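**Student:** Here it is: the structure, laid out below.
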Amino acid sequence: MSGGPDLILLGQVTIDHVVPATPGPWRAQMGGNAIYSAAGARLWLDPARIGVTLRRGTGFDFDVEAMLARAGIDHVHCRDVPLPHLTEWIVYETDGSRRCLPRNTGLTHIGSEGDPGDADTYLDYLLNFSPEASDIPAAWLPAKAVHLNPQVRDRSPCSLAALRAQSGYISVDPSPYVAKGLDAAGLAARLPGADAVLPSEMESAHIACGDWHGAALALTDAGFGEAIIKRGSQSVVLASDGVVTEIPVPPVQIADVTGAGDSFGGAYCACRMMGMPPAEAVRRAIVAAGMVIGCSGSDAALALDPAEAARRLAEMS
Numbered sequence: 000m001s002g003g004p005d006l007i008l009l010g011q012v013t014i015d016h017v018v019p020a021t022p023g024p025w026r027a028q029m030g031g032n033a034i035y036s037a038a039g040a041r042l043w044l045d046p047a048r049i050g051v052t053l054r055r056g057t058g059f060d061f062d063v064e065a066m067l068a069r070a071g072i073d074h075v076h077c078r079d080v081p082l083p084h085l086t087e088w089i090v091y092e093t094d095g096s097r098r099c100l101p102r103n104t105g106l107t108h109i110g111s112e113g114d115p116g117d118a119d120t121y122l123d124y125l126l127n128f129s130p131e132a133s134d135i136p137a138a139w140l141p142a143k144a145v146h147l148n149p150q151v152r153d154r155s156p157c158s159l160a161a162l163r164a165q166s167g168y169i170s171v172d173p174s175p176y177v178a179k180g181l182d183a184a185g186l187a188a189r190l191p192g193a194d195a196v197l198p199s200e201m202e203s204a205h206i207a208c209g210d211w212h213g214a215a216l217a218l219t220d221a222g223f224g225e226a227i228i229k230r231g232s233q234s235v236v237l238a239s240d241g242v243v244t245e246i247p248v249p250p251v252q253i254a255d256v257t258g259a260g261d262s263f264g265g266a267y268c269a270c271r272m273m274g275m276p277p278a279e280a281v282r283r284a285i286v287a288a289g290m291v292i293g294c295s296g297s298d299a300a301l302a303l304d305p306a307e308a309a310r311r312l313a314e315m316s
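When we follow numbering that gives the first Met the number 0, the leftmost residue of the sequence shown carries the number 0, and every step to the right adds one.
Below you can see the structure in the form of structure tokens.
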């Protein structure tokens with residue numbers, strides 16, 4: 000392995016105890032937006048060009064480096080944190096929605112019966128496992144592109160400030176804990192220097208109020224070069240250069256919705272880095288997300304076949 004990666008992904012890894020909606024045993028597995036964004040990116044970009052930066056606490060028994068290496072990703076930097084790694088119950092409902100309930104000591108009251116909610120304690124703990132720009136090895140910079148997965152508190156703004164002069168392109172998938180409280184101008188002010196913002200429907204519904212074209216335009220008018228609104232099985236709304244485009248999402252067989260938005264973000268940033276126009280990057284990101292939700296678990300997501308991605312893309316034409 001020589002030199003640094005062209006695309007850097009910043010995000011979390013998690014220990015998920017998954018409880019299925021239908022009767023069956025729960026299982027512990029590794030997840031996290033760092034892993035799923037890598038799964039999406041490698042469907043279109045040579046994995047040797049991808050780097051992943053993450054943090055790992057104590058009690059994290061999964062070999063994340065080996066998992067990513069099997070997917071061809073050898074540029075992996077883990078910063079060890081001297082705290083028990085965040086562990087959560089992931090409880091699925093029959094409609095595909097899910098709830099996350101932390102299992103760590105001092106966090107188990109969150110989401111329990113009668114608890115009004117304690118987001119601050121949860122976010123403070125999660126922040127310990129959220130990588131920042133200073134976690135990136137110096138040898139990896141400058142980079143052609145960086146994708147910031149959802150991060151809490153001030154992680155994304157601080158990383159943007161540190162990386163803007165060291166990356167040719169930066170995309171940000173905003174955390175719902177940040178995006179849901181801000182209008183378009185407020186979000187742009189919170190994330191200055193981002194070339195693209197990729198909110199989900201949940202994170203941008205208060206901006207749209209039903210007008211998705213207007214929301215995407217509002218985000219670009221506020222300062223983002225590109226705004227991509229992900230709406231699940233509905234069309235993706237893209238605004239760029241003053242033009243709004245809706246790109247259809249083909250129906251897919253769903254096995255597990257985990258990682259849909261994360262894989263979309265990784266794929267989109269990879270394709271933009273390779274010089275594809277925004278609409279073409281969105282189409283490939285749609286394919287990546289569709290393939291990820293068609294399998295179950297991060298191991299399966301990282302083993303998806305780029306040739307199958309190319310075949311599905313051809314079917315969209």
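The C-beta atom is built at its ideal place from N, Cα and C for all residues, glycine as well.
Note that the structure is a prediction, hence the values are computed from the model and not measured.
1) Could you spell out where the alpha helix (DSSP H) holding ILE292 opens and where it closes?
2) Quick check: the Cα distance between ALA259 and MET66, rounded to an integer number of angstroms?
3) Can the beta-carbon of ALA302 be found less than 8 angstroms from the beta-carbon of VAL286?
4) Is the beta carbon of SER347 sitting closer than 8 angstroms to the one on TYR91?
5) Report the CB separation of ALA124 from LEU100 in whole angstroms; it is logged as a contact under 8 angstroms.
6) How would you label GLY10, buried or exposed, when you count the other beta carbons within 10 angstroms and need 16 or more for buried?
7) Go through its chain and collect everything with a Cβ distance to HIS76's Cβ below 6 angstroms, but skip five positions before and after it.
8) Within 8 angstroms, do at least three Cβ pairs link the stretch 9-29 to the stretch 223-233?
9) Out of GLU279, ASP119 and GLY30, state which residue places its alpha-carbon closest to the alpha-carbon of PHE59.
10) Buried or exposed: GLN150, going by 16 or more other Cβ atoms within 10 Å of its Cβ?
11) Would you kindly work out how many angstroms separate the C-alpha atoms of ALA207 and ASP220, rounded to a whole number?
12) Tell me the rounded alpha-carbon separation between HIS146 and VAL242.
13) Is the beta carbon of GLY39 closer than 8 angstroms to that of ALA266?
14) Under DSSP, the beta strand (DSSP E) around SER239 begins and ends at which residues?
15) Do you know offhand how far ALA178's Cα is from VAL171's?
16) Quick one: Cα of VAL17 to Cα of PRO173, how far?
17) Count the other CB atoms, across all protein chains shown, that sit within 10 Å of the CB of GLU314; report buried if there are 16 or more and exposed otherwise.
18) Report the partner residues of TRP43 according to the DSSP bridge assignment.
19) Can you grab the Cα-Cα spacing for the pair ALA33 / PHE61, in whole Å?
20) What does the Cβ neighbour count give for ASP15, buried or exposed, with the cut at 16 atoms within 10 Å?
**Tutor:** In this structure, then:
1) 277-292
2) 19 angstroms
3) no
4) The question about residue 347 has no answer here: the residues shown for the chain are numbered 0 through 316.
5) The residue asked about is misnamed: residue 124 is Tyr in this sequence, not Ala. Between LEU100 and TYR124 the Cβ distance is about 13 angstroms, and since that is not below 8 angstroms, they are no contact.
6) buried
7) THR52 and PRO136
8) no
9) GLY30
10) buried
11) 14 angstroms
12) 23 angstroms
13) yes
14) 235-239
15) 11 angstroms
16) 24 angstroms
17) exposed
18) Partner(s): none; TRP43 has no beta bridge.
19) 14 angstroms
20) buried
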